[in-house]
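Trainee:
Number of protein chains: 2
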Amino acid sequence: MAQVKRDAFPFDKSRLEANLISKFFYAPAFEIYGGIAGLYDYGPPGAALQANIINEWRKHFIIEEMMLELDTTIMTPCADSKTGEVLRADHLVGGVLEARLAGDKEARGQEALPKDDAADKKKKKKATKTKAVKLEDSVVAEYERILAQLDNYSGPELGELCRKYKITNPDTDNEVSEPQEFNLMFASSIGPTGKNPGYLRPETAQGHFMNFNRMYNYVNRKLPFASAQIGRSFRNEISPRAGLLRVREFTMAEIEHFVDPLDKRHARFEDVKDVELDLLDRHVQEAGATTVKRMSIGDAVANGTVANETLGYFLARIHLFLVKIGINPKRLRFRQHMGNEMAHYATDCWDAEIENSNGWTECVGCADRAAYDLSVHSKKTGAPMTAFEQLETPIVYEKDEPILNKKVLGKTFGKDLRTIQTIVEELDDANVQKLKGELAQGAATIVSPTGQEFKLTPDLLTFERKTIKESVREFTPNVIEPSFGLGRILYCLLEHTFWSRESDAERVVFSLPPVVAPTKVLIVPLSTKKFDHIVRDVSLKLRKGGVHSSVDDSSQSIGRRYARNDALGTPYGVTIDFASLQKGTMTLRERDTCDQLIGPIDEVIAVVTELVQGTIDWDEALTRLPRYDGVQAID
Amino acid sequence: MAQVKRDAFPFDKSRLEANLISKFFYAPAFEIYGGIAGLYDYGPPGAALQANIINEWRKHFIIEEMMLELDTTIMTPCADSKTGEVLRADHLVGGVLEARLAGDKEARGQEALPKDDAADKKKKKKATKTKAVKLEDSVVAEYERILAQLDNYSGPELGELCRKYKITNPDTDNEVSEPQEFNLMFASSIGPTGKNPGYLRPETAQGHFMNFNRMYNYVNRKLPFASAQIGRSFRNEISPRAGLLRVREFTMAEIEHFVDPLDKRHARFEDVKDVELDLLDRHVQEAGATTVKRMSIGDAVANGTVANETLGYFLARIHLFLVKIGINPKRLRFRQHMGNEMAHYATDCWDAEIENSNGWTECVGCADRAAYDLSVHSKKTGAPMTAFEQLETPIVYEKDEPILNKKVLGKTFGKDLRTIQTIVEELDDANVQKLKGELAQGAATIVSPTGQEFKLTPDLLTFERKTIKESVREFTPNVIEPSFGLGRILYCLLEHTFWSRESDAERVVFSLPPVVAPTKVLIVPLSTKKFDHIVRDVSLKLRKGGVHSSVDDSSQSIGRRYARNDALGTPYGVTIDFASLQKGTMTLRERDTCDQLIGPIDEVIAVVTELVQGTIDWDEALTRLPRYDGVQAID
């Protein structure tokens, strides 16, 4: 009923924005100081709406699924590699490729490029070692093409280049981690010296991974388990715009669901398998289309559209959550990341996008990030971050183990022995077999990640056949990560629920569901003094029932007071007047329809409490209390 | 009963700390990266305990008193004066005093001090203007004494010096605001240019004041009202220590109660007037003692120990809150700030101090900060931050208004006319009368804040008698500010509730009240598979009753499982065994006494739900269910 009225009214964004500011849902922060882009303060209705959304999120995810809630720090020390050194990805790639080109020129007997200006020197500071190694002509051309457009590469693209061209930290030869968009982080420094750089977390995820071992012990070393965290994160956006959709400080709610990579089924998938979603898969997008397919999540997992049950389970749960708090399901879709936008390590990734006046906006990301995060933290710190499975039947198998003749190798290769050892230790079984085959033919060449080649002969490397018996399987858990931008959801929700009355465009309404509405019940006494004791009594009884109410005892007309609270999204109102004094009755008004019912005060309280708790809806309330058509009908 | 056992056991801090870390109440953040002082991550029990404390705080303060909840930004742009410039208080004081000494030397015909080293130059950069003004010898001595020990002054002391010696910003002559401990703030910069310095808020208070006008409108322009905010704040402590008691990132809960300075009564003071507090007033401390006086807050306000009803009301409410969540009232006192430690603008200030193994620690501050904060923000921005009272009877009075003869003044004083105008405009009535009297005698001298003197004669300044009629009283509200350090409270609570069983010191217990305990009920099935359906059923029924439970279905003995959860502070446990299958019964165990009761499953659920909701206590539970003395008695 209310829905019909709402859809009939054209969306008026300037009216929405004026109302959000004037009712202090939120407002630009530091406005009296001239304001600053991308920072917003939430006032009483906005803060309450956000708190209610968080509360519902906590119930829907944390309590329902017995997740481990964390509260980790926002301030983050820079600790970006084994040495704690931070490299700028563009400088690193530029420096290394230039050094290789210089080495190529040297090998070709040409003069190296002159190191001309200061900016260039700066870029090259990570690449002092030039080795005379000749490159293929095609490789030279490729390097030059990359250098010419280095500024155009995004972080993930630079990471891709590091992997493709085996670019490591030239000072340590250590592999570099995936580039972080460090320039989007707020930098600071920790402690009085200024020597410990820090930054503000751009998401809460790191706090989960860093504490994996503690949590794994907390759950008695059983998988799967999930951690959850709700908290502030920061991104130093270059030019924030679009209100709450792109801000510099925001509240996120993130889940990390840790799971055995060999078993991504979900115990409660059965409960959600019939939930229908609008899916925009990667194939449709790659064909240039945006047509969603409506599909049950059960079918989507069964036919391979969604990678696995756990990922599918969370997509369905995200859908249910968003719809429960009032997002219009017709304006909600799940868009799969295409190959070129997904991180290289991710198995599958979907965004819940909500349509609003700015288009379709990503509000929740849900990715199967495989073992990436735990592996990276483990590699950086040397701390094992693995799970164990006690095998009922031990696995027994045979394996060739390479044995290096270190004495001879040391004599031949000097300090490169170490590099050779590392290369050989990191070979997987297939490569061990390949190497063994080559050596059987007389000789084999191995290559370090930096391109150094070593020729080995059978006297330097032998193989020993060993029987391995494993009774415990050790593995790095995979992680499914649903990540919610609460401010974006809140803004879309305000857009989806906003409309004006046909009778008067100035009379705006937010049809927020009671579960998230900032105030559930408005108490409106006819005049200020005479009804004070009834107001107090009603207010107390509602509070005891867990219903958040507020009193508007201003001198304005009852109609005007209701109108003001329609614009705050308050779903129910009760009027206390002379009939309350004389007959002990109270009227109950519904925000969207303006229907009014009447009944004994305690009965009205009972009905409104059930309405707020969601155990009955308005249609059922209509059967519980008679309609009121008295003189104070106000719409 | 449990209380007796607890007190009998000596407090063992190393055991407490070991348990806090091993159970992951909290742990040093970034530990796998080597950790960083003053940053802690809260794990599942710590995060839940904190969430429950916050939840209770929200009920006790925000909901109970209908406060306006805000959620404002952590990132704060630097906007520290009219020009947005930030001055370092020690540099400012040093620079100005040195410039004055140099001017004195110049006036005395001596050579100015040589500006010797770079460090000195840096300190002096704010004081380039040297004016040849001779100083009294005693003043010279005083300035030199101050300069000699400049590094020893605290922020408030530097502020005091600025006021005493009328030190203003030398570039603008603008008055400087009270020094902020800026070196304790985490600095950053906002946006891509690096030109907009920012810092992380050291408390949440600024967000309240900045939004005063919006909130005043939100409450329909009525006083008193209060705002509240719970959120993260940051202080870049130089050497954080003492665990959660001094950290660099922490959660605060702050209230700003805005009140008419002429009426600091509180409508609900009557409700708390009999609450007895241990008060350590300033007179006792100034006499060198620490003896608390036990006094009802009604008496304390009546006899002037506590400045006013509103401040007293909050002291009592703070006491009630802390005791409700489990702080030992015998280890809680309220200490008044002494004259020399209280900010100059504050009317009265008390700290709730909680005794713990580090001594008495300030955990809540409660100050009447008068009109200071709103005045400062209003002065800095030019935005009026006032409230209005419609007077029933307009106030009519007569007043002498000074009239400057600008034409003649301009000729005599040139561009100093402006300064003279400002001085005269800012005179209060008493000073206007004084000036009028002096001029009647022939001449008068007025002094600018920087010490410039102007001699006025009756032709330059006359007075006009005016009748003023005020029907609206405009005033700057005063603010009472209760400010809670939640991490400190949480830590003290863990200390106060920690003990070990007499039978075995390894069996540690946190006797956390059910209202804040991380988990309320532990469900312990005898063996893993057979009882699954009963476990699910009990768990679901508890959740429906709003009771947070967890299941421990590990293979360890029931006694060991209970012991593990005593160390997590779980107040109740229910055991599901063969009797549950055969007779439909379940046992109920209380954490502190290890008492066990038995009853039909639904009855046990009903009793434990009431226990958790606080509607009955354990003594009453003993009358509702029979004791269980079966073979599985576990203590």
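Keeping their order, the protein sequence lines are chains A and B. Numbering follows this note's numbering, in which position 188 of the first sequence is assigned residue number 353; successive positions increment by one, without gaps. Numbering follows this note's numbering, in which position 403 of the second sequence is assigned residue number 568; successive positions increment by one, without gaps. For every residue, glycine included, the Cβ atom is placed at its ideal position computed from N, Cα and C. In this text the structure is predicted, and so the values were computed from the model without any measurement.
Measuring CB atoms only, is the region 206-215 of chain B touching the region 695-702 of chain B, in the sense that at least three cross pairs come out at less than 8 Å?
Mentor: No contact exists between the region 206-215 of chain B and the region 695-702 of chain B.
Trainee: Against chain A, does B:Thr684 count as a neighbour if the rule is that its beta carbon must be under 8 Å from one of theirs?
Mentor: Mapped onto the second sequence, residue 684 of chain B falls at position 519. Cβ-Cβ to chain A under 8 Å: no for B:Thr684.
Trainee: Residues of chain B with a CB under 9 Å from the CB of A:Ser692: which are they?
Mentor: Here residue 692 of chain A corresponds to residue number 527 of the first sequence, with the count starting at 1. Under the 9 Å cutoff, chain B gives no residues; its nearest Cβ is about 15 Å from A:Ser692.
Trainee: DSSP three-state label for B:Ser648, please.
Mentor: Taking the second sequence and counting its residues from 1, the one referred to as residue 648 of chain B is at position 483. Strand, per DSSP.
Trainee: Compare the C-alpha of B:Phe675 against each of B:Asp255, B:Ile492 and B:Gly463 and name the closest.
Mentor: Working through the second sequence from its first residue, we reach residue 675 of chain B at position 510. Ranking the options by Cα distance to B:Phe675, first place goes to B:Ile492.
Trainee: Less than 8 Å between CB atoms is the rule here; does B:Ile519 satisfy it with respect to chain A?
Mentor: For the purposes of this step, residue 519 of chain B is taken as the residue at position 354 of the second sequence. Taking Cβ atoms only, chain A never reaches closer than 8 Å to B:Ile519, which makes this a no.
Trainee: Is the beta carbon of B:Arg447 sitting closer than 8 Å to the one on B:Met503?
Mentor: As a first step, residue 447 of chain B must be located in the second sequence, where it is residue number 282. As a first step, residue 503 of chain B must be located in the second sequence, where it is residue number 338. In this structure, B:Met503 lies closer than 8 Å to B:Arg447 by Cβ.
Trainee: Go through its chain and collect everything with a Cβ distance to A:Trp525's Cβ below 8 Å, but skip five positions before and after it.
Mentor: To locate residue 525 of chain A, count along the first sequence from 1; it is residue 360. Correct list, in chain order: Arg498, Arg500, Glu518 and Ile519.
Trainee: Which of helix, strand or coil does DSSP assign to A:Met751?
Mentor: Residue 751 of chain A sits at position 586 when you count from the first residue of the first sequence. Here A:Met751 sits in strand by DSSP.
Trainee: Which chain A residues sit within Cβ distance under 8 Å of B:Ala548?
Mentor: Within the second sequence, numbered from 1, the residue matching residue 548 of chain B stands at position 383. The contacting residues are Ile197.
Trainee: Touching or not, the region 251-266 of chain A and the region 405-422 of chain B, by the rule of three or more beta carbon pairs under 8 Å?
Mentor: Touching, no.
Trainee: Under 8 Å, Cβ to Cβ, is there at least one residue of chain E near B:Pro357?
Mentor: Protein chains in the displayed structure are A and B, and chain E is not among them.
Trainee: When we look at the beta-carbon of B:Phe195 and count the other beta-carbons within 10 Å, is it buried (16 or more) or exposed?
Mentor: By 1-based counting over the second sequence, the position of residue 195 of chain B is 30. B:Phe195 should be labelled buried.
Trainee: Rounded to the nearest angstrom, how far is the Cβ of B:Val637 from that of B:Leu556, given a contact under 8 Å?
Mentor: Mapped onto the second sequence, residue 637 of chain B falls at position 472. Mapped onto the second sequence, residue 556 of chain B falls at position 391. Between B:Leu556 and B:Val637 the Cβ distance is about 6 Å, and since that is below 8 Å, they are a contact.
Trainee: Quick one: give me the first and last residue of the alpha helix (DSSP H) that B:Glu547 is part of.
Mentor: Residue 547 of chain B sits at position 382 when you count from the first residue of the second sequence. First, the amino acid is wrong: residue 547 of chain B is Gly here, not Glu. Segment: none, B:Gly547 is in no alpha helix (DSSP H) and carries neither H nor E.
Trainee: If you follow the beta strand (DSSP E) that B:Ala517 is in, where does it begin and where does it stop?
Mentor: As a position in the second sequence, residue 517 of chain B is number 352, starting the count at 1. Counting along the chain, the beta strand (DSSP E) containing B:Ala517 begins and ends at Asp513 to Asn521.
Trainee: Pull up the DSSP beta-bridge partners for A:Cys531, would you.
Mentor: The count along the first sequence starts at 1 and reaches residue 531 of chain A at position 366. A:Cys531 is bridged to A:Trp515 and A:Pro647.
Trainee: So, with DSSP's three-state summary, where would you put A:Arg413?
Mentor: Residue numbering aside, residue 413 of chain A sits at position 248 when the first sequence is read from its first letter. Coil, per DSSP.
Trainee: Based on Cα-Cα distance, which residue from B:Asp593, B:Asp425 and B:Asp731 lies nearest to B:Leu185?
Mentor: Counted from its first residue, the second sequence places residue 185 of chain B at position 20. The residue with the shortest Cα to Cα distance from B:Leu185 is B:Asp731.
Trainee: Alpha carbon to alpha carbon, what distance is there between B:Leu480 and A:Arg672?
Mentor: Sequence index remark: in the first sequence, residue 672 of chain A carries index 507 (1-based). Sequence index remark: in the second sequence, residue 480 of chain B carries index 315 (1-based). Their Cα atoms are separated by approximately 43 Å.
Trainee: Judging by CA-CA distance, which residue of B:Thr632, B:Thr551, B:Ile560 and B:Tyr537 is the nearest neighbour of B:Glu566?
Mentor: Stepping through the second sequence from its first residue, residue 566 of chain B is reached at position 401. Minimum Cα distance to B:Glu566 is reached at B:Thr632.
Trainee: Are the Cβ atoms of A:Lys685 and A:Tyr727 separated by less than 8 Å?
Mentor: Counted from its first residue, the first sequence places residue 685 of chain A at position 520. Counted from its first residue, the first sequence places residue 727 of chain A at position 562. Their beta carbons are not under 8 Å apart, which means A:Lys685 does not touch A:Tyr727 by this criterion.
Trainee: Counting only beta-carbon atoms, is A:Phe435 nearer than 8 Å to chain B?
Mentor: For the purposes of this step, residue 435 of chain A is identified with residue 270 of the first sequence, where counting begins at 1. It is worth fixing the name first, because residue 435 of chain A is Glu in this sequence and not Phe. So no, A:Glu435 is outside the interface.
Trainee: Consult DSSP for B:His431 and reduce its assignment to one of helix, strand or coil.
Mentor: Position 266 of the second sequence, counting from 1, holds the residue named residue 431 of chain B. Coil.
Trainee: Taking CB distances under 8 Å as the criterion, tell me whether A:Ala536 reaches chain B.
Mentor: For this step, residue 536 of chain A is matched to residue 371 along the first sequence. It does not: the Cβ of A:Ala536 has no partner Cβ on chain B nearer than 8 Å.
Trainee: Report buried or exposed for B:Gly779, applying the criterion of at least 16 other Cβ atoms within 10 angstroms of its Cβ.
Mentor: For this step, residue 779 of chain B is matched to residue 614 along the second sequence. Result: exposed.
Trainee: Do you know offhand how far A:Lys178's Cα is from A:Val529's?
Mentor: The sequence position of residue 178 of chain A within the first sequence is 13, counting from 1. The sequence position of residue 529 of chain A within the first sequence is 364, counting from 1. C-alpha separation (whole angstroms): 23 Å.
Trainee: Just checking: is the beta-carbon of B:Pro193 within a distance shorter than 8 Å of some beta-carbon in chain A?
Mentor: The count along the second sequence starts at 1 and reaches residue 193 of chain B at position 28. Output row for B:Pro193: interface = no.
Trainee: Three or more C-beta pairs under 8 Å: does that hold for the region 294-302 of chain B against the region 318-326 of chain B?
Mentor: No: the two stretches stay apart, fewer than three of their Cβ pairs being nearer than 8 Å.
Trainee: By Cβ distance, which residues of its chain are closer than 8 Å to A:Asp767, with the 5 residues on each side in sequence left out?
Mentor: Here residue 767 of chain A refers to the residue found at position 602 of the first sequence. Lys706.
Trainee: Return yes when the Cβ of B:Pro362 is within less than 8 Å of the Cβ of B:Ala370, no when it is not.
Mentor: Walking along the second sequence from the start, residue 370 of chain B turns up at place 205. Walking along the second sequence from the start, residue 362 of chain B turns up at place 197. Taking 8 Å as the Cβ cut-off, B:Ala370 and B:Pro362 do not qualify as a contacting pair.
Trainee: If I'm right that B:Leu235 touches B:Gln394 with Cβ under 8 Å, what's the distance once you round it to whole angstroms?
Mentor: For the purposes of this step, residue 235 of chain B is taken as the residue at position 70 of the second sequence. For the purposes of this step, residue 394 of chain B is taken as the residue at position 229 of the second sequence. About 5 Å; that satisfies the 8 Å criterion.
Trainee: Put A:Lys695 into one of helix, strand or coil per three-state DSSP.
Mentor: Within the first sequence, the letter at position 530 stands for residue 695 of chain A. It is coil, neither helix nor strand.
Trainee: Tell me which same chain residues have a C-beta within less than 6 Å of the C-beta of B:Glu527, skipping the five on either side of it?
Mentor: Taking the second sequence and counting its residues from 1, the one referred to as residue 527 of chain B is at position 362. Cβ neighbours of B:Glu527 beyond the five flanking positions: Asp516 and Glu518.
Trainee: What is the DSSP secondary structure of A:Thr475, counted as helix, strand or coil?
Mentor: Residue mapping note: residue 475 of chain A aligns to position 310 of the first sequence, counting from 1. Helix, per DSSP.
Trainee: Determine the burial state of B:Val808: buried for a count of at least 16 other Cβ atoms within 10 Å of its Cβ, exposed for fewer.
Mentor: Residue coverage of chain B in this structure runs from 166 to 800, which leaves residue 808 of chain B outside it and unanswerable.
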